[in-house]
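Number 78 marks the last residue of the sequence shown (this note's numbering); no jumps.
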Amino acid sequence: MTFQWVYQAGNTWVPFDGNNNRVLEQFWRSSRNGQVIVNRLPAIVYPRQLQMLVNNNTWVRIVRTGC
């Protein structure tokens, strides 16, 4: 089964690009946090908490779909 990670942007859920999706899935499976680039901004993702911190000041919800 293929999983897709998405993040909340206002009232819209936006899919991560293919590379970030693979990275997030690796983080999820290894129970660790890590960094990705989203819209040219650095973001620290916390997959187990379903959150990411964008540009060191904005918390954004993330979701793993296809479960």
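Think of the CB as a built atom: it goes at the ideal place given N, C-alpha and C, for glycine as much as any other residue.
If you're wondering where the values come from, they're calculated on a predicted model, not measured in any experiment.
Query                                                                                                                                                                             : Result
Just reading off the alpha helix (DSSP H) that R75 is part of, what are its end residues?                                                                                         : Element bounds for R75: not the alpha helix (DSSP H) but the beta strand (DSSP E), T69 to T76.
Mapping DSSP to helix, strand and coil, what is G21?                                                                                                                              : coil
Applying the criterion that 16 or more other CB atoms from any shown protein chain within 10 Å of the CB defines a buried residue, is L5 buried or exposed?                       : Outside the shown range of the chain (12 to 78) lies residue 5, about which nothing can therefore be said.
Could you name the residues of the same chain whose beta carbon sits closer than 8 Å to that of P26, not counting the 5 residues immediately before and after it, in chain order? : Q15, W16, V17 and N32
Counting along the chain, where does the alpha helix (DSSP H) carrying Q60 start and finish?                                                                                      : Premise fails: Q60 is in no alpha helix (DSSP H) and is neither H nor E.
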